[in-house]
Each structure stands twice: as C-alpha cells, then as structure tokens.
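Notes follow once the structure below has been shown.
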Amino acid sequence: MNHNVIEKNQQTDVKILIVDDNPEMRKLLNLTFSYSNYQIFEAQNGDEALNMILMERPDIILLDIMMPGTIDGIAVCDYIKSSTMRSSHVILLSAKGQQEDIKRGNLAGADFYITKPFSPIALTELVETIVSSL
Amino acid sequence: MANNRIKTQDTISTQVNYRLVEALSEYDSRFKNLIEQLNEIVFTVNPEGQFTFLNPAWEIYTGFLVNESVGQPIQRFIYNDDLSLCIREFLSVKKQTRLEIRFVDKLGKILWFEANVKSIWEKKKLKEIFGTLVDISARKKLIDSEMLFNSLVASTSEIIFQIDRSAHIHFLTPAWYKITGHAITESLGQSLLQYIHEDDRHFAVNFIYDPQITVPSEPHQDFRVITKTGEIRWVTINIHEGDTKTTQIGQITGSMQDVTERVRVQQELKANKNRFSLAASAANDGIWDWNLLTDEVYFSPRWKEMLGYTDAELENSYATWHNLIHPDDLKETISSLMNCLEGQVDLFENVHRLKNKDGSWSWILDRGIVMRDEAGNPLRMAGSHADITRLRQIEEALLNQQQELSVLFSMSPDGIVTLSPEHIISSVNATFLSMTGFSSDELLYLTENEFIEKLNSICVSGTVCFFDENDPPSLLQILINDIKRIDTDSYVSPSISPNMLTLRTTVCLLNIESIEKVIYFRDVTAETEVDRMKSEFLSTAAHELRTPMASVYGFTELLLNREFEKGMTRDILGNIHQQAASLVRMINDLLDLAKIEARLGKEFHFLYQPLEPILRQSISEFMIHGDNREINTTFADIKGTVYVDADQIKRVFTNVIGNAFKYSPNNENIHITMTRRTNSLGNAQIGVIIKDKGFGMTDEQIEHIFERFWRGPNTTHINGTGLGMSLVKEIMNFHQADIDIHSQPNEGTTVGLWFKLFNESEGTYCES
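Protein sequence lines correspond, in order, to chains A and B.
Every position in the first sequence, counted from 1, becomes a number in this note's numbering once 38 is added.
Every position in the second sequence, counted from 1, becomes a number in this note's numbering once 45 is added.
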C-alpha cells in the first residue's frame with residue numbers, strides 16, 4: 039500500500055484517490071494535483087483501490103480501467119456507485135476510447151470519462167469544478 | 046258279273062244280248078290283258094277297306110302275291126306314318142282324288158306311289174273304291190336328293206355355278222345373290238364373264254377353260270367381281286376336277302369364294318409395308334423383315350450399309366444379326382426378343398451394340414412389331430434400326446459430367462445445401478455434414494424452417510436466415526463437437542475456443558427446375574479470427590501507445606504551465622525521455638510485425654549460408670554493453686547451411702538473448718548451444734539453444750509468451766514492449782523454422798530455435 043500524504047491540514051482537505059497500475063501514470067497524476075491542498079492516495083489495482091476507498095473515503099477517485107487482477111476499473115466504479123460511497127465522484131481514465139468503453143463506463147455509473155493522453159491542466163480544472171460543488 | 050244278269054233275260058234280246066255279251070267279254074279280256082300288262086298297279090277296295098282285286102304289277106312292286114293280298118285290309122300294306130293319310134284320303138274319297146302315299150314291300154322297304162283313287166257309289170251308298178298306283182320311288186328319291194342338294198347349296202357361302210362352253214350360266218346357288226347382289230333369275234343365261242371385272246376377264250377365261258396355261262408370274266386365282274351396286278368384291282375360283290367328263294356335255298362346274306377380306310388385308314399390309322419402308326428410308330433407318338417360319342430375314346441395303354457392309358456381304362438370315370451382337374449385350378437382347386415373341390407382346394424395343402465391318406461397335410436402337418395368326422402364333426416380325434452411337438456418346442459424356450459435378454459438389458471445401466422449389470432440403474454435401482456434425486438423414490427433406498431451427502440449435506451467435514439473395518452474407522458461429530483441427534501453425538494464435546467454427550453463408554437463388562436455392566457455407570474461421578485479432582491488436586496497440594504518450598503529453602504540459610524546481614524538472618524530463626524511447630521501440634516493433642504480416646517478401650533476403658556467423662555476431666553485440674554476465678557457448682561442428690535472411694535471424698537471436706538477460710538476475714550466466722538433430726518427421730535440423738537461470742515462467746505463462754504486448758507479471762520495472770517474442774515467432778514462421786520453450790518458475794528458461802539443415806556441397810535438402 040502506497041500512502042503519499044503531502045500535507046495535512048486542519049480543514050478537511052479534498053481527498054483524491056489515484057488508481058492505476060502504471061507507476062508513470064501515478065507519478066504524473068500525483069504531480070498534477072500537487073499544486074494544491076489535495077490529500078492524494080494511490081492504489082495499484084482494484085483490490086487495493088477498494089481497500090483505500092473503505093479506509094480513506096476519498097471525495098474524488100481517478101480510476102484507470104485496464105488493471106491486472108480480477109477487479110478492473112469498471113468493477114470498482116460499479117462497486118462504489120452501488121455502495122454508501124456513491125456520493126464520491128468517479129473519473130474514469132482510460133486509453134480505451136471506443137464508444138463501447140464509454141458506454142460501459144456510463145452504465146457503471148461513472149461521473150466522467152477521460153481518455154488518455156489527457157491534458158493535466160484540464161483535469162485540474164475539472165476537479166476544481168467538482169470541489170466547488172462539494 | 047255282267048254275264049249273270051244278261052243270262053236271265055228273254056230269247057229275242059238273247060241274240061242281241063249275246064252279241065253284246067261277246068263284245069263285252071272281248072272288251073273285258075282286252076281290258077284284263079291290258080291291266081295285266083300294265084306297269085301300274087290297279088286295284089279295287091271294298092267299303093270295308095279290303096283289297097278285292099289286284100293286278101300282277103302288285104306282285105312285281107311289292108313282292109306280295111296277289112292271292113295273299115286280296116282280301117287283306119289295305120292298311121296292312123301302308124307305311125305307318127301314312128296310315129292316317131290313307132284313312133282320310135283313300136278310304137273316305139268322295140269322288141276322285143290323287144295323292145302320294147307310301148307302301149311297304151315284303152322286305153320292309155318303303156315304296157312311294159302316286160295313287161289315283163275313284164269311288165263308286167250306288168244309291169248313295171259306297172259300293173267300291175278303285176284306283177291305280179304309279180311307282181314314284183325313283184322320282185321321290187331324286188326329289189329328296191335334290192332337296193338335300195338345294196338345302197346344302199343354299200346354306201353354303203360358296204357360290205357353285207355351272208356354265209357352258211360359251212360361259213353362259215346354267216346354275217347358281219343362292220350364295221350368288223348374297224355375294225354379288227344379282228338375283229339368280231337375272232343371272233341365269235348370262236355370261237359369267239360379264240360379272241367379272243374387265244381387267245380380270247382375260248385371266249378368268251384362261252383360268253377356267255385352260256387351267257394348264259397359267260400366267261407364269263402369278264397363279265392368278267383371284268378375280269374381281271362387280272356387284273349390283275357397283276362394288277368390287279374379290280373371289281377365288283375353283284374348277285372342279287371331275288368336269289373333264291362334263292366338258293363333253295359342255296358343262297363346267299365350279300365354285301367361287303368371297304375373299305374380299307383377305308385381299309383387303311393383304312393389300313393393306315403391302316401398303317403399310319410400303320409406307321413403312323418409305324418412312325424408314327426417309328428416316329435413315331435400316332429396315333428388317335423376319336419371316337419366322339422360314340427364318341429368312343430381309344435386310345434393307347441401308348441396314349447393312351449402317352454397319353459398313355455391302356448388300357452381298359451379309360446373308361439374309363436371322364443368324365446374320367445374331368452373330369453381330371456384342372457379347373456383353375447378347376444375352377439381354379435375345380432374352381428381350383424371346384419375351385416379345387413368346388409373351389404375346391407385339392412391340393419390341395432394345396438397345397444393343399452391333400459389330401461394324403471395320404471391327405468397331407455401333408450402338409443400335411432396334412424396334413420391331415410382331416405379326417401373329419388368329420391363334421396368336423408369331424408369323425412375322427419387322428422393324429427398324431437407328432444408329433444411336435453418337436447419342437450414346439453424348440449420353441456418356443453427360444453422365445461423366447454429372448459425375449464430375451457430383452464429385453465437385455461433394456469435395457467442395459464449402460458446405461453446400463440445396464433447396465427444392467417446394468422449400469425442402471434436397472441435398473447436402475459431405476463438407477457441410479462434417480462442418481456441422483449432422484448426418485444426411487437428419488437434414489434431407491426438412492422444410493426450410495425446420496432446417497433453420499436445427500442450425501439455430503448449434504448456433505452460438507449470428508442469425509440463421511436464408512431468405513433473400515440480396516441479404517448480405519451473414520456470419521454464423523456454430524458449436525462443433527469433435528473436430529479434427531489441423532494445426533496450421535499460423536502466426537496468429539486462435540484465441541477463441543477451438544470448438545467453434547465461423548461460417549459465412551451466402552444464398553443463391555437459382556430458379557431452375559429442380560433447385561430453387563443454394564446456400565453456401567464457407568469456413569471463415571481463420572479469416573474471422575485473423576480479422577478479430579487484427580482489430581484486437583490494433584486496439585491493444587493503440588492502448589499501449591497511448592499509455593507512454595499520456596506520460597509524455599502530460600508531463601510536458603505540466604512543465605509548460607507550472608514552475609518546478611530544477612531537480613524536479615530534470616526528473617520529469619527524464620521520465621519524458623524514457624517514455625518517448627519506449628514509444629520508439631514499440632513503434633519499430635509494430636512496424637516490423639506489420640511488415641511480416643504483409644509478407645513483403647521483397648524486403649527479405651534469403652540465402653543459403655552457415656548459421657554460426659550470424660549467431661556469433663548477435664552474441665558479440667551483447668558483450669559490448671558491459672554486463673557482468675557471460676555468455677557461455679557450446680558450438681558443435683556442423684557442416685551444412687540454412688536458408689535464411691541474416692538480418693532477421695540476427696534480430697531473433699537478439700530478442701531471445703535479450704530476454705535471457707532481462708529476465709534473469711545479474712549473477713547468472715547465459716548458456717548458448719548450437720547443435721544438430723533430426724526432428725520427428727525425419728528432417729535434419731540445426732538448433733540454437735539459449736538457456737538462462739532467470740525468473741522462469743509457469744506453463745500458463747508460456748502459452749501467452751508469443752502474444753502481442755503480453756508481458757509477464759511483475760515485469761513493469763523491466764523495459765519491454767511485449768512485442769519481442771511475437772516478432773521472433775513471426776520471423777521463425779516465415780522461415781519455416783521451429784521454436785520451443787521450456788521453463789520452470791525461479792529456475793530459468795530455455796529457448797530452442799531450429800532451422801532446416803541443407804547439405805553444403807549439394808545445396809539440396811538433407812535427409813538422414
């Protein structure tokens with residue numbers, strides 16, 4: 039379990055969970071959200087993700103779809119959206135950009151579907167929008 | 046008696062009386078003499094019916110003495126059947142009567158007499174009956190025989206005639222009227238010749254009067270007679286032999302029979318025969334006419350010509366035909382002929398071969414008719430021959446073609462199913478049955494809907510529908526039970542279950558008499574699989590390329606939009622560079638793979654060359670990278686060459702050795718061996734075996750090793766595109782070389798690369 043805690047504030051910081059098996063991607067996403075007071079958590083696969091979700095109850099979850107193991111991103115999304123955590127915002131991040139994939143994501147209840155390669159700046163703007171509505 | 050009365054009278058009259066008496070007695074004795082001389086019987090009978098007087102003629106005719114007959118009742122001498130006649134006419138005669146009556150003589154013979162009877166009455170009382178009997182026996186006999194003759198003659202259908210020297214008719218039987226319509230009374234006295242047709246008169250005269258002189262060409266017994274109504278009837282004339290005597294008297298007796306029917310039939314037959322010959326000769330057929338009684342056969346010149354013979358070369362007999370029949374056809378032909386003759390069937394039809402003069406065989410269609418007598422016995426048979434050799438050849442050609450088509454149908458690599466115009470399955474070929482696992486019994490004669498249902502039951506995906514030709518070909522995936530899949534060792538490994546076939550169905554509407562629809566089932570499993578894999582590959586490739594690209598793009602954007610510390614900046618740039626490099630490698634590998642898939646053989650340079658130098662060069666490149674590890678080599682001394690593209694094989698070695706390095710820890714050496722073997726098919730091979738003591742793989746992982754982009758677990762820290770072994774496999778396949786992999790987790794992996802060995806000196810394939 040990787041636990042990267044950047045800053046701890048007295049305020050309840052927005053918690054972001056990054057789920058991706060690719061370390062490069064995790065590094066990029068981490069760097070992307072390091073400009074502000076976000077509490078960033080990481081998970082390498084579906085199982086870890088579920089654990090983190092239960093433990094930290096993140097507000098926003100950046101979720102890769104293609105991951106090894108029995109639980110892929112879609113399954114995780116599905117789980118979140120049918121649980122008490124359904125208020126968390128799920129942003130699916132995937133290199134798979136076909137219509138079917140997007141449809142699958144929507145069916146699983148994802149709030150957003152972003153295809154890779156993506157613009158990190160645009161992503162931060164999206165997250166900020168979400169945060170302002172929290 | 047008169048004497049007594051005259052004696053009692055006086056003397057004056059006595060003299061007169063005496064003279065009278067004398068005259069009377071003279072008369073009496075003359076009368077008596079006469080009577081006694083007479084041939085006729087004279088008699089008297091008293092009222093009681095007894096003879097009172099009979100003359101000597103009585104004795105002559107009847108044989109009874111006068112003495113014994115006088116005093117007897119007349120009945121005693123009368124024939125039984127005439128007794129009542131006697132009583133009625135004879136004894137009850139009023140005055141005078143004449144009748145014919147039969148007496149019986151002493152010997153019992155019947156005598157016919159004509160009786161003239163007169164009765165004498167005195168004072169209204171019958172005194173006596175007297176009469177004469179004339180013998181009419183002879184006459185009666187004549188009359189009887191004449192009557193017999195007449196009745197015979199009247200009943201006969203033959204005309205019996207009597208003519209004199211000048212042909213005038215003296216006698217005709219009633220049949221004359223029946224046949225000629227001329228009344229006999231009219232005809233008597235006329236010349237017989239006038240009733241005969243004028244064209245035949247000359248012959249008739251000759252025939253009747255000089256029968257020895259007959260027209261040599263025809264025994265002309267048939268003549269035409271003109272009836273009263275102007276019709277012509279044919280008669281045959283017979284002159285009776287015995288008439289050589291009667292010609293003295295000038296009379297000729299003969300008979301005529303009406304043979305119109307016979308002549309008519311004969312004429313018709315002849316006409317038919319002529320017609321037949323004409324028609325047949327027009328049709329170019331050979332004619333034959335077989336007299337079953339004499340065994341002679343008439344063969345028309347055409348008949349013989351058809352087989353290449355002249356008329357004189359073949360005898361006109363049954364044997365001629367029999368001996369020309371082909372031995373294989375003989376039995377059946379003769380049996381068919383016999384059936385016809387014996388079996389009361391009149392039409393004969395048979396196809397058989399006959400030998401031509403030059404020894405070749407012609408196929409003949411033989412047709413004939415049997416003619417029989419009234420009892421059904423065959424008398425004659427006639428028929429025609431048609432040469433159907435060419436037809437037969439066409440038939441055979443058609444048959445061959447049919448067989449060829451049938452073979453094509455059954456051997457076709459596509460499954461073929463045909464439907465009749467009634468929408469019923471009319472045929473299924475063997476390929477379809479082996480594709481689907483059905484038997485022909487299950488499928489034949491099903492309706493279209495039933496067939497669809499049956500297919501649906503094994504169909505995994507796709508819709509079974511065969512309605513319209515215009516429908517695009519549909520793809521069905523069907524489940525098959527036990528299939529013998531020939532491993533084509535293709536570069537694309539099938540990832541769907543080996544128990545499924547993908548079939549492309551095409552519907553063709555034929556609208557010919559027997560087939561309405563044809564459905565083709567093409568096995569496109571491989572193509573579909575390849576297509577699927579290609580698209581999967583593409584999407585996977587896209588995915589794989591996008592991932593490092595996301596890093597490059599993302600990091601560069603961050604660098605452009607934010608301020609980072611120098612150290613961080615450097616770090617980030619390092620990431621970008623690394624990901625970019627990864628991209629480059631991947632793109633290169635992808636391109637290589639694409640090239641091989643496109644089989645751009647032109648890019649490859651195949652040569653017969655030794656393998657060792659290529660291997661050595663690959664190995665040497667690894668030494669440069671300054672690794673602690675060593676490559677231990679064991680090269681057997683192998684003569685011979687391989688047929689390879691050096692650059693590609695070097696690539697193979699590089700990839701495999703590279704993997705050995707990548708996936709084993711730093712302290713373990715790599716072992717490379719070059720050796721020779723004979724494979725299971727008996728072919729000589731040269732092999733390069735690369736062994737490492739690295740992480741190894743499980744059997745399941747070995748199965749995936751050649752998949753594109755596949756990387757083992759826990760390899761994310763090791764650079765790799767996942768394409769290296771895919772490329773190796775492609776290249777080895779293209780070289781028709783083998784590759785095998787053995788591995789144990791945590792113990793290491795051994796990769797063997799085997800190439801066909803060629804004899805160096807001869808350059809030909811070496812078989813040991």
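Where is the CB? At the ideal position from N, CA and C, for every residue including glycine.
* Asked: Residues of chain B with CB under 8 Å from residue 63/A, in chain order?
  -> Working through the first sequence from its first residue, we reach residue 63/A at position 25. Correct list: 592, 595, 596.
* What are the start and end residues of the beta strand (DSSP E) that includes residue 389/B? -> Numbered from its first residue, the second sequence carries residue 389/B at position 344. Segment: none, residue 389/B is in no beta strand (DSSP E) and carries neither H nor E.
* At which residues does the beta strand (DSSP E) containing residue 215/B begin and terminate? -> Translated into positions along the second sequence, residue 215/B becomes position 170. Counting along the chain, the beta strand (DSSP E) containing residue 215/B begins and ends at 214-217.
* Does DSSP put residue 563/B in a helix, a strand or coil? -> For the purposes of this step, residue 563/B is identified with residue 518 of the second sequence, where counting begins at 1. Strand.
* Going by beta carbon distance, what residues of the same chain come within less than 8 Å of residue 499/B, once the five residues before and after it are set aside? -> Here the question's residue 499/B lines up with position 454 in the second sequence. Same-chain partners within the cutoff: 483, 487, 488, 491.
* To do: Anything in the region 571-590 of chain B with a Cβ closer than 9 Å to a Cβ of chain A? List those residues in chain order, please.
  => For the region 571-590 of chain B, the beta-carbon criterion of a distance under 9 Å to any beta-carbon of chain A is satisfied by 584, 587, 588, 589, 590.
* Consider the Cβ of residue 746/B: report whether some Cβ of chain A lies at a distance smaller than 8 Å. => As a first step, residue 746/B is located in the second sequence; it is residue number 701 there, counting from the start. Closer than 8 Å: no.
* Taking only the alpha-carbon atoms, compute the straight-line gap between residue 715/B and residue 453/B and give it to the nearest angstrom. => Taking the second sequence and counting its residues from 1, one reaches residue 715/B at position 670. Taking the second sequence and counting its residues from 1, one reaches residue 453/B at position 408. CA-CA distance, residue 715/B to residue 453/B, rounds to 57 Å.
* Asked: Listed in chain order, which residues of the region 67-101 of chain A have Cβ atoms closer than 7 Å to some Cβ of chain B?
  -> For chain B, the residues of the region 67-101 of chain A that bring a beta carbon within less than 7 Å of one of its beta carbons are 69, 70, 73, in chain order.
* What is the rounded straight-line gap between the Cα of residue 687/B and the Cα of residue 447/B? -> Translated into positions along the second sequence, residue 687/B becomes position 642. Translated into positions along the second sequence, residue 447/B becomes position 402. Approximately 49 Å, taken between the alpha carbons.
* Interface partners of residue 603/B on chain A, CB under 7 Å -> Locating residue 603/B in the second sequence gives position 558, counting from the first residue. Under the 7 Å cutoff, chain A gives 69, 70, 158.
* Note the first and the last residue of the continuous alpha helix (DSSP H) segment covering residue 776/B. => Along the second sequence, one-based indexing puts residue 776/B at 731. Residue 776/B -> alpha helix (DSSP H) spans 769-779.
* Taking 8 Å as the CB-CB limit, is residue 607/B close to chain E? -> Judged by its chain identifiers, the structure shown contains no chain E, and its protein chains are A and B.
* Just tell me which of 220/B, 772/B, 283/B has its CA closest to the CA of residue 251/B. => Residue 251/B sits at position 206 when you count from the first residue of the second sequence. When the alpha-carbon of residue 251/B is set against those of 220/B, 772/B, 283/B, the nearest one is in 283/B.
* Could you say which of 220/B, 275/B, 299/B, 212/B lies nearest to residue 201/B if we only look at CA atoms? => Position 156 of the second sequence, counted from the first residue, corresponds to residue 201/B. It is 220/B whose Cα lies nearest to the Cα of residue 201/B.
* **Nearest-angstrom Cα separation, counted from residue 89/B out to residue 133/B** => Counting from one through the second sequence, the residue named residue 133/B turns up at place 88. Counting from one through the second sequence, the residue named residue 89/B turns up at place 44. Rounded to the nearest whole angstrom, the C-alpha separation of residue 133/B and residue 89/B is 17 Å.
* Asked: Which of helix, strand or coil does DSSP assign to residue 148/B?
  -> Mapped onto the second sequence, residue 148/B falls at position 103. Secondary structure of residue 148/B (DSSP, three-state): strand.
* To do: Tell me whether residue 728/B sits in a helix, a strand or coil according to DSSP, three-state version.
  => As a working mapping, residue 728/B is identified with position 683 in the second sequence. It is a strand residue.
* Asked: So, is residue 653/B buried or exposed, given that buried needs 16 or more other C-beta atoms within 10 angstroms?
  -> Within the second sequence, the letter at position 608 stands for residue 653/B. The residue is exposed, with fewer than 16 neighbouring Cβ atoms inside 10 Å.
* Near-chain B residues of the region 144-155 of chain A (beta-carbon distance less than 9 Å), N- to C-terminal order -> Of all residues in the region 144-155 of chain A, only 153, 154, 155 place a beta-carbon less than 9 Å from a beta-carbon of chain B.
* **Helix, strand or coil at residue 173/B [DSSP, three-state]** => On the second sequence, residue 173/B is found 128 positions in, with the first residue counted as 1. When secondary structure is reduced to three states using DSSP, residue 173/B falls in the strand class.
* Secondary structure of residue 352/B, DSSP reduced to three states -> As a working note, residue 352/B is residue 307 in the second sequence. In this structure, residue 352/B counts as coil in the three-state DSSP scheme.
* Asked: Should residue 740/B be flagged as near chain A, meaning a C-beta pair shorter than 8 Å?
  -> For this step, residue 740/B is matched to residue 695 along the second sequence. Not closer than 8 Å to any Cβ of chain A, the Cβ of residue 740/B fails to qualify, so no.
* Asked: On the three-state DSSP scale, how would you describe residue 734/B?
  -> As a working note, residue 734/B is residue 689 in the second sequence. Strand.
* To do: Report yes or no: do the region 150-168 of chain A and the region 128-140 of chain A share at least 3 C-beta pairs separated by less than 8 Å?
  => Judged by Cβ distances under 8 Å, the region 150-168 of chain A makes contact with the region 128-140 of chain A, as three or more pairs qualify.
* For the region 118-144 of chain A, which residues have a CB atom closer than 9 Å to at least one CB atom of chain B, in sequence order? -> Listed in chain order, the positions of the region 118-144 of chain A with a beta carbon within less than 9 Å of a beta carbon of chain B are 131, 132, 133, 134, 135, 136.
* **Interface flag, residue 105/A vs chain B, CB-CB below 8 Å** => Here residue 105/A refers to the residue found at position 67 of the first sequence. So, not an interface residue.
* To do: Confirm, please, whether the CB-CB distance from residue 631/B to residue 697/B is below 8 Å.
  => What you label residue 697/B is simply residue 652 of the second sequence in a count that begins at 1. What you label residue 631/B is simply residue 586 of the second sequence in a count that begins at 1. In this structure, residue 631/B does not lie closer than 8 Å to residue 697/B by Cβ.
* **Distance, residue 71/B Cα to residue 64/B Cα** => Along the second sequence, read from residue 1 onward, the residue named residue 64/B stands at position 19. Along the second sequence, read from residue 1 onward, the residue named residue 71/B stands at position 26. Each residue's Cα considered, the two are about 10 Å apart.
* Per-residue burial, residue 333/B [other beta carbons within 10 Å of its own, 16 or more giving buried] -> Translated into the one-based positions of the second sequence, residue 333/B becomes position 288. It is buried - the Cβ of residue 333/B has at least 16 other Cβ atoms within 10 Å.
* State the Cα-Cα distance for the pair residue 547/B and residue 565/B, rounded to the nearest angstrom. => Against the second sequence, residue 547/B aligns to sequence position 502. Against the second sequence, residue 565/B aligns to sequence position 520. Taking the straight line joining both Cα atoms gives about 13 Å.
* Write down every uninterrupted run of the beta strand (DSSP E) in the region 654-709 of chain B whose length is 3 residues or greater and which is fully enclosed by it, in chain order. => The region 654-709 of chain B contains these whole beta strand (DSSP E) runs: 676-680, 687-690.
* Alpha carbon to alpha carbon, what distance is there between residue 449/B and residue 471/B? -> Counting from 1 along the second sequence, the entry for residue 471/B is found at position 426. Counting from 1 along the second sequence, the entry for residue 449/B is found at position 404. When rounded, the distance between both Cα atoms is 19 Å.
* Helix or strand or just coil, what does DSSP make of residue 799/B? -> For the purposes of this step, residue 799/B is identified with residue 754 of the second sequence, where counting begins at 1. Here residue 799/B sits in strand by DSSP.
* Could you check which residue in 371/B, 82/B, 314/B has the C-alpha nearest to that of residue 415/B? => The residue given as residue 415/B occupies position 370 in the second sequence. The shortest C-alpha separation from residue 415/B is found at 314/B.
* Check the Cβ of residue 667/B against every Cβ in chain A and list those closer than 7 Å, keeping chain order. => In the second sequence, counting from the first residue as 1, residue 667/B sits at position 622. Under a criterion of Cβ atoms nearer than 7 Å, no residue of chain A is adjacent to residue 667/B; the nearest Cβ is some 27 Å distant.
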